[in-house]
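Colleague:
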Amino acid sequence: MKNGESISASVSLPRFIVFGALKSMVKRLRMCGVDCAYNGGLSLPNTILAAISDERILLTTVPVADTFRLKVVLISESHPDSQFKHILKLFPSILEGEALSTCLVCNYRLENYQIGTSPADIPPSVLDRQLPLRRCPKCARIYWDGSHTERMRQLIKNLIESH
Ligand SMILES: [Zn+2]
Numbered sequence: 004m005k006n007g008e009s010i011s012a013s014v015s016l017p018r019f020i021v022f023g024a025l026k027s028m029v030k031r032l033r034m035c036g037v038d039c040a041y042n043g044g045l046s047l048p049n050t051i052l053a054a055i056s057d058e059r060i061l062l063t064t065v066p067v068a069d070t071f072r073l074k075v076v077l078i079s080e081s082h083p084d085s086q087f088k089h090i091l092k093l094f095p096s097i098l099e100g101e102a103l104s105t106c107l108v109c110n111y112r113l114e115n116y117q118i119g120t121s122p123a124d125i126p127p128s129v130l131d132r133q134l135p136l137r138r139c140p141k142c143a144r145i146y147w148d149g150s151h152t153e154r155m156r157q158l159i160k161n162l163i164e165s166h
């Protein structure tokens with residue numbers, strides 16, 4: 004996961020849909036640039052239907068039968084670090100994803116953003132350092148390579164080293 008590089012064609016990232024108390028996994032996976040759908044209002048049967056029609060792997064805290072059309076990963080760990088480690092072990096290609104490529108809120112791919120194309124609330128420290136900016140085409144949030152991406156890299160590094 005190197006910032007500023009695009010995902011190479013040889014890397015095939017898994018795509019997920021999440022059901023149950025796994026909100027922190029949604030955020031972490033999106034931080035890694037992984038396509039992860041989540042709708043807290045969706046029932047389990049509707050989540051399963053969405054997983055099948057959209058060809059997503061179902062991450063769930065509730066046991067669901069695997070079928071030939073539905074791939075299920077049951078998460079039984081309770082700590083977010085353990086949950087994430089479980090997912091990384093099964094899908095190591097997640098680490099090849101591009102950080103800062105996906106909106107943490109909407110799951111949309113971020114676009115490059117130039118200051119001046121529309122008003123934005125960006126801290127002066129970010130402007131001063133002339134960090135590359137990205138913008139969500141849906142909710143218009145602006146992202147940059149800041150403290151939380153650094154925390155994320157550190158977290159992943161720690162998890163890998165503790166294997
Ligand atoms: Zn967004």
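Residues in the sequence shown are numbered consecutively from 4, following this note's numbering. Here a beta-carbon is modelled for each residue, glycine too, at the ideal position from N, C-alpha and C. These figures come from a predicted structure and were not determined experimentally.
Using 8 Å for Cβ pairs, my map puts Cys-35 next to Ile-78. What's the rounded Cβ distance?
Modeller: Wrong, their Cβ atoms sit about 16 Å apart, outside the cutoff.
Colleague: By how many angstroms is the C-alpha of Ser-128 removed from the C-alpha of Leu-47?
Modeller: Going from the Cα of Leu-47 to the Cα of Ser-128 covers about 44 Å.
Colleague: Please tell me whether Leu-61 and Ile-20 are closer than 8 Å, where the distance is taken between their beta carbons.
Modeller: Taking 8 Å as the Cβ cut-off, Leu-61 and Ile-20 qualify as a contacting pair.
Colleague: Mind checking Ile-118: buried by the 16 CB within 10 Å criterion, or exposed?
Modeller: By the neighbour-count rule (16 or more Cβ atoms within 10 Å), Ile-118 is not buried but exposed.
Colleague: Going by CA-CA distance only, name the one from Ser-56, Ser-27 and Phe-71 that's closest to Thr-63.
Modeller: Closest by alpha carbon: Ser-27.
Colleague: Tell me, to the nearest whole angstrom, how far the beta carbon of Asn-161 is from that of Arg-137; I am working on the premise that it is less than 8 Å.
Modeller: No, Asn-161 and Arg-137 are not in contact; Cβ-Cβ is about 25 Å, not under 8 Å.
Colleague: Please state whether DSSP places Leu-45 in a helix, a strand or coil.
Modeller: DSSP places Leu-45 in coil when its eight states are reduced to three.
Colleague: Is the beta carbon of Arg-144 less than 8 Å from the beta carbon of Cys-106?
Modeller: Cβ atoms of Arg-144 and Cys-106: closer than 8 Å.
Colleague: Between the C-alpha atoms of Arg-18 and Leu-73, what's the straight-line distance to the nearest angstrom?
Modeller: Distance between the alpha carbons of Arg-18 and Leu-73: 12 Å.
Colleague: In the DSSP assignment, what are the bridge partners of Ala-40?
Modeller: Bridge partners of Ala-40: Ile-20.
Colleague: Is Tyr-226 near ligand 1, going by C-beta to nearest heavy atom under 7 Å?
Modeller: Because residue 226 is not part of the residues shown, which for the chain are 4 to 166, the question remains open.
Colleague: Rounded to a whole number of angstroms, what is the C-alpha to C-alpha distance between Asp-57 and Ile-159?
Modeller: Each residue's alpha carbon lies about 28 Å from the other.
Colleague: Between the alpha carbons of Cys-39 and Arg-132, how many angstroms are there, rounded?
Modeller: Distance between the alpha carbons of Cys-39 and Arg-132 is about 31 Å.
Colleague: In chain order, what residues of the same chain have a beta carbon less than 7 Å from the beta carbon of Cys-142, not counting five sequence neighbours either side?
Modeller: Excluding residues within five positions, the ones whose Cβ falls inside 7 Å are Cys-106, Val-108 and Cys-109.
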